[in-house]
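Enquirer: If you're matching positions, the sequence shown starts at 3 in the numbering used here and goes up one per residue.
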Amino acid sequence: GTVIAELDLPDLTAQLHEAQAAYAAAETKATQAQTTLAQTSSEVMSQVRQAKATVDSMRQKYFAARSNASQSKETVPQDVVRAENSLNSLIAALNTARATLTQTQAGATLQVSVTQSTLNQAKANAAKADADLVRNQSLYDQQFLSAADLDTFIAAAKVNRAAVDSATQNLSLTQQKVDADLETAKDGVTQADQNVLAARAALKSAMSERHTVSAQIANQADANAALAEAEAALAVAQANVENITLRRQDVTQAQDAARQSGQLVAYNQAQVNKSIIRTPISGTVLNLTVQQGETLAAGLSAPTVIVVADLNRLEVDAYVDETDIGKVAIGQPVQVTVDAFPNTVFPGTVFKVASGSTIQQGVVTYDVGVKLVNQGHLLKPDMTASVTITTGSQHSVLLVPSVAVQVG
């Protein structure tokens, strides 16, 4: 796990820091969007409940007022009836105009908000493209980037700036259209309101001698107007509920952007991790082939940077003749001596017997691996060793000199 080589790649570190900053910003944006959505949802649902309660109350009052006025209409002259019908029609028109104004205001707010969000996103993209251009211009000046790649970043910056100009113009046109629509809706409400006032004046004149009926009709008109206002408020609240759906989409998009930023951070972190080479084992450095600052040229095979060995796990490769290999088996005890310590015997064990052969000076041999116990770290790698493998033993047998044995 110790670091033995580290590539000097400032681009990877810069990209990682940039990705981490973008991820933090995306997380913050997603959290803010979630918090805003929760607050707005609570407020809007409360407004909807209150608006529905108000509409129900105003509707009951309106029906009561209309019932009272209906009972008195039998004694009202025809001109009063015509004036009342005209007033009711104009009140309905006024209510329609107010509802149209309310819907226009809600739609205008939504259109401006969506266009502003598009402009903000275009500005953010343009700012990032400009930052990328500045950073890659520096890389180009240092000859780390080709001219073609620099042209790509320049073109991207121009495209994003053009997108900002287009979004700005779109916002201006949208604002102009919204202002015109609102002005038209307001004029309609003003005209309808004037018509209602004129109709009420006509009705009041027609019923100047019938104060009771006039009061009842006025109550009905007021109740109708209050009902229309309550219904308009309910329409606004319901439009806000639809706006919450758009906010939920914004939250989802912000969360998706945060997840993508997190994946980009993980990718860049992996790239940075790949620039660090760590030793795979714990041991002793035997050879250091390069020094800090030298350039490594990796071709078809990876270059050797450092050689590390675990001196507690030394092994001997012994080549056994084909006539003796049949006696060798894994687990047999081994005695090993080296020229550096001729009077010291190092114990070992056979742990590997190769199936493939090796030609040694024209003789077929097989590689036998022996594990050693390196007491006191006396043995060093690449020493020449003599190996004695115990392939069998006999106990309690008669031992006589060979000269005493004769063949008859």
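Just so it is clear, CB atoms sit at the ideal spot from N, CA and C, and this is done for glycine as well.
Cα-Cα, which of Val370, Ala200 and Val274 is closest to Glu324?
Expert: One-based indexing of the sequence shown puts residue 324 at position 322. It is Val370 whose Cα lies nearest to the Cα of Glu324.
Enquirer: Here's a check: name, in chain order, each residue in its chain whose Cβ is nearer than 8 Å to the Cβ of Arg250, leaving out the five neighbours to either side.
Expert: In the sequence shown, residue 250 corresponds to position 248, counting from 1. Only Leu39 meet the Cβ criterion.
Enquirer: Cβ atoms of Ala165 and Gln49: under 8 Å apart, would you say?
Expert: In the sequence shown, counting from the first residue as 1, residue 49 sits at position 47. In the sequence shown, counting from the first residue as 1, residue 165 sits at position 163. No; because the gap between Cβ atoms is not below 8 Å, this pair is not in contact.
Enquirer: Express the C-alpha separation of Leu135 and Leu147 in angstroms, rounding to a whole number.
Expert: By 1-based counting over the sequence shown, the position of residue 147 is 145. By 1-based counting over the sequence shown, the position of residue 135 is 133. Those two C-alpha atoms are separated by around 11 Å.
Enquirer: Beta-carbon separation of Leu381 and Phe348 under 8 Å?
Expert: The residue given as residue 381 occupies position 379 in the sequence shown. The residue given as residue 348 occupies position 346 in the sequence shown. If you check the CB distance, Leu381 and Phe348 come in under 8 Å.
Enquirer: Would DSSP call Lys354 helix, strand or coil?
Expert: Taking the sequence shown and counting its residues from 1, one reaches residue 354 at position 352. Strand.
Enquirer: Using the C-alpha atoms, what's the distance from Tyr321 back to Gln362?
Expert: Indexing the sequence shown from 1 puts residue 362 at position 360. Indexing the sequence shown from 1 puts residue 321 at position 319. Their Cα atoms are separated by approximately 8 Å.
Enquirer: Less than 8 Å between the CB atoms is what I'm expecting for Thr286 and Ala304, so what's the real figure, rounded?
Expert: Numbered from 1 along the sequence shown, position 284 holds the residue referred to as residue 286. Numbered from 1 along the sequence shown, position 302 holds the residue referred to as residue 304. So it is not a contact: roughly 22 Å between Cβ atoms.
Enquirer: What residues in its chain sit with their C-beta under 6 Å from that of Gly3, if we drop five residues either side in the sequence?
Expert: As a first step, residue 3 is located in the sequence shown; it is residue number 1 there, counting from the start. Same-chain partners within the cutoff: Arg280.
Enquirer: Taking the CB atoms as reference points, tell me whether Ser332 and Val355 lie closer together than 8 Å.
Expert: Walking along the sequence shown from the start, residue 332 turns up at place 330. Walking along the sequence shown from the start, residue 355 turns up at place 353. Looking at the sequence provided, one finds Ile at residue 332 rather than Ser. Yes, these two residues count as a Cβ contact at 8 Å.
Enquirer: Mind the definition here: the region 53-65 touches the region 219-226 only if three or more C-beta pairs lie below 8 Å; say whether that holds.
Expert: yes
Enquirer: Flag this pair as yes or no: are the beta carbons of Leu14 and Ser277 separated by less than 8 Å?
Expert: On the sequence shown, position 12 is the one that residue 14 refers to. On the sequence shown, position 275 is the one that residue 277 refers to. It is a contact, given that the beta carbons lie within the stated cut-off.
Enquirer: Which residue from Ala131, Gln171, Leu152 and Tyr142 puts its Cα closest to that of Asn162?
Expert: Here the question's residue 162 lines up with position 160 in the sequence shown. Its Cα nearest to that of Asn162, the residue Ala131 stands out among Ala131, Gln171, Leu152 and Tyr142.
Enquirer: How should Phe155 be labelled, buried or exposed, when 16 other C-beta atoms within 10 angstroms of its C-beta is the threshold for buried?
Expert: The residue you call residue 155 lines up with position 153 of the sequence shown. So Phe155 ends up on the buried side.
Enquirer: I'd like to check one pair, Val338 with Gly328: are the Cβ atoms closer than 8 Å?
Expert: Numbered from its first residue, the sequence shown carries residue 328 at position 326. Numbered from its first residue, the sequence shown carries residue 338 at position 336. Going by beta carbons, Gly328 and Val338 fall outside the 8 Å limit.
Enquirer: Using a 10 Å radius around the Cβ and a threshold of 16 neighbouring Cβ atoms, would you call Val198 buried or exposed?
Expert: Position 196 of the sequence shown holds residue 198. Looking at its Cβ environment, which holds 16 or more other Cβ atoms inside 10 Å, Val198 is buried.
Enquirer: Mind checking whether Val389 and Val330 have CB atoms under 8 Å apart?
Expert: Here residue 389 refers to the residue found at position 387 of the sequence shown. Here residue 330 refers to the residue found at position 328 of the sequence shown. Not in contact: Val389 and Val330 (Cβ atoms no closer than 8 Å).
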